[in-house]
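The structure under discussion appears below in the form of structure tokens.
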Amino acid sequence: GPEYVFATVVLAGVIQVLAGVFRLGKLMRLVPHPVIFGFVNGLAIIIFMSQLDQFKDVSGDWLTGTPLYIILGLVLLTMVIIWGLPKLTKVIPASLIAILVVSGIVIGFGIDTKTVGDIASIQGGFPPLHMPNVPFNLETILLILPYAAIMAGVGLIESLLTLNIIDEITETRGRGNKEAVAQGAANILSGVFSGMGGCAMIGQSLINISNGARARLSGIVAAVALLIFVMFGAGLIERLPMAALTGLMIMVAIGTFEWASLKTFNRMPKSDIFVMVVVTLVTAVLHNLALAVVIGVIIAALVFAWDNAKRIRARKYIDDQGIKHYEIYGPLFFGSVTVFNAKFDIQNDPEEIIIDFQESRVVDMSAIEALNKLTERYLKVGKKVHLRHLSPDCQKLLKNADKIIDVNMLEDPNYKVVVDKI
255 GPEYVFATVV
265 LAGVIQVLAG
275 VFRLGKLMRL
285 VPHPVIFGFV
295 NGLAIIIFMS
305 QLDQFKDVSG
315 DWLTGTPLYI
325 ILGLVLLTMV
335 IIWGLPKLTK
345 VIPASLIAIL
355 VVSGIVIGFG
365 IDTKTVGDIA
375 SIQGGFPPLH
385 MPNVPFNLET
395 ILLILPYAAI
405 MAGVGLIESL
415 LTLNIIDEIT
425 ETRGRGNKEA
435 VAQGAANILS
445 GVFSGMGGCA
455 MIGQSLINIS
465 NGARARLSGI
475 VAAVALLIFV
485 MFGAGLIERL
495 PMAALTGLMI
505 MVAIGTFEWA
515 SLKTFNRMPK
525 SDIFVMVVVT
535 LVTAVLHNLA
545 LAVVIGVIIA
555 ALVFAWDNAK
565 RIRARKYIDD
575 QGIKHYEIYG
585 PLFFGSVTVF
595 NAKFDIQNDP
605 EEIIIDFQES
615 RVVDMSAIEA
625 LNKLTERYLK
635 VGKKVHLRHL
645 SPDCQKLLKN
655 ADKIIDVNML
665 EDPNYKVVVD
675 KI
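Read in order, the letters of the sequence shown are residues 255 to 676 in the working numbering.
Structure representation (structure tokens):
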């Protein structure tokens, strides 16, 4: 029932607050640019396609004749005002003027066209404080936890991606963890006031930015204005023509789409193009923004791993003492293990070899196991392997796994930086 919905919203808010407290917002740094491009472009397509419903009648058929010409004219007028007014003045937001002008024409001339009231009624008044009427026990928490986790995850992904996009436009740097805490607190309050969950929306954020907003004050003003309208101006909102809002959202879609990504299409790596197209299609077709981002990040990570797997190299030479050195270049991880093993000539190598990792890193357990197997293969033919110039984190990784592997590490000389004393 609805009481469980409110409880789910509250729990989602708690999860988001915890995500911010434990600084999980920084994980959004792992989202590559092609994923953001695809996300934004897919979102622009969704915004545009969702406006086409306004050109249909109640039965779902496309408008024809006079009703179609009226809504087309009003939509075009809205778009022209939004496009042209900023060229004359930026003192007053063009979107607000467009809505007021088109609304004045519709109301003044009594034009018969769809209004907000035809789509949905707005019930004014302040929502009462209402704690969700559900049993507060482990069974209830386990019941709503999966839905709350999905809600919290989707909300955070969309909000933090929106934050990244706005940061690029305004050339600022937002605080993702603070955003997560604030959003979680807002959802907790929304749940106890019988409201639905929410998150930052790229469409509304871009409208805000395009009208000159650059700070948090604009969001506060928008929230207060919305509260005033809902409580005291519900009747006015219901009289707004949908054509004006449709024209506004089409302009938002046009402004949201990353047209620059099309200009650089031929110059982008094929893997980046593939990631961008996949994220765009998943976003536009499935309308699942979080899934699109996750799929994009996974594909980008696999491409990155594949590229780095091919970059591992080995410089080989034998010193005056007859010891063969393998100087490794590139990261040693699960993707590069096969290429790494192919670099060694176990049968023809001398009795002792040194593997130098000064220009490499041992990244994961797959790399450690590869070193262990390589050492065993050399030992079977009576030869000894030493590891040199392992970074501190690599040494720690090997020491933590010393019960399952057997490798010899040479002590590296300590080089100290000379400091000039004045």
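C-beta atoms are modelled at their ideal positions from N, C-alpha and C, and glycine is treated no differently. Keep in mind that this is a model prediction, so the values were computed, not measured.
When the Cα atoms are used, VAL312 and THR320 turn out to be separated by approximately 16 Å. When the alpha-carbon of ALA479 is set against those of LEU350, ILE300 and PRO340, the nearest one is in LEU350.
Remark: C-beta atoms of GLY501 and ALA352 approach each other more closely than 8 Å.
ALA298 places its beta carbon less than 8 Å from that of ALA507. Counting only unbroken stretches of 4 or more residues, the alpha helix (DSSP H) elements lying wholly within the region 496–540 are 496–510, 513–517 and 524–540, in sequence order. Using a Cβ-Cβ distance cut-off of 8 Å, the region 392–401 and the region 437–450 are not in contact, since fewer than three pairs of beta carbons, one from each stretch, lie closer than that value. Exclusion of the five residues before and after VAL370 leaves ILE491, GLU492, LEU494 and MET496 as the residues of its chain whose Cβ lies within less than 7 Å of its Cβ.
In the displayed model, VAL289 falls within a helix according to three-state DSSP. The three-state secondary structure of ALA559, taken from DSSP, is helix. Comparing C-alpha distances from ASN462 to each of ASP372, GLY452 and ILE474 shows the shortest one belongs to ILE474. Less than 8 Å separates the beta-carbon of VAL532 from that of ILE553.
For the region 553–598, the continuous beta strand (DSSP E) assignments of 3+ residues that do not extend past its boundaries occur at 567–572 and 578–583, in sequence order. With a cutoff of 8 Å on beta-carbon distance, ASP610 and LYS578 are scored as not near each other.
Residue pairing from DSSP leaves HIS643 without any beta-bridge partner.
Across the structure, VAL536 and LYS344 are spaced so that their CA atoms are roughly 37 Å apart. As far as DSSP is concerned, ILE398 takes part in no beta bridge.
Note on geometry: alpha-carbon atoms of SER444 and ALA403 lie some 17 Å from one another.
Nearest to HIS643 by alpha-carbon distance, out of GLN612, LEU481 and VAL635, is GLN612. Taking C-beta atoms under 8 Å as the contact rule, VAL275 and GLY451 fail to qualify, at a distance of about 19 Å.
As DSSP reads the structure, PHE447 sits in a beta bridge with HIS384. Relative to the Cα of PHE598, the nearest Cα in the group LEU651, TYR632, LYS650 and ILE301 belongs to TYR632.
In the DSSP assignment, VAL616 forms a beta bridge with LEU586. LYS637 is positioned such that its CB atom lies no closer than 8 Å to that of ILE608. The C-alpha of GLU412 is placed about 22 Å away from the C-alpha of ALA514.
By the beta-carbon neighbour count (other beta carbons within 10 angstroms, threshold 16), MET505 is buried. Contact annotation: SER620 and PHE588 have beta-carbon atoms nearer than 8 Å.
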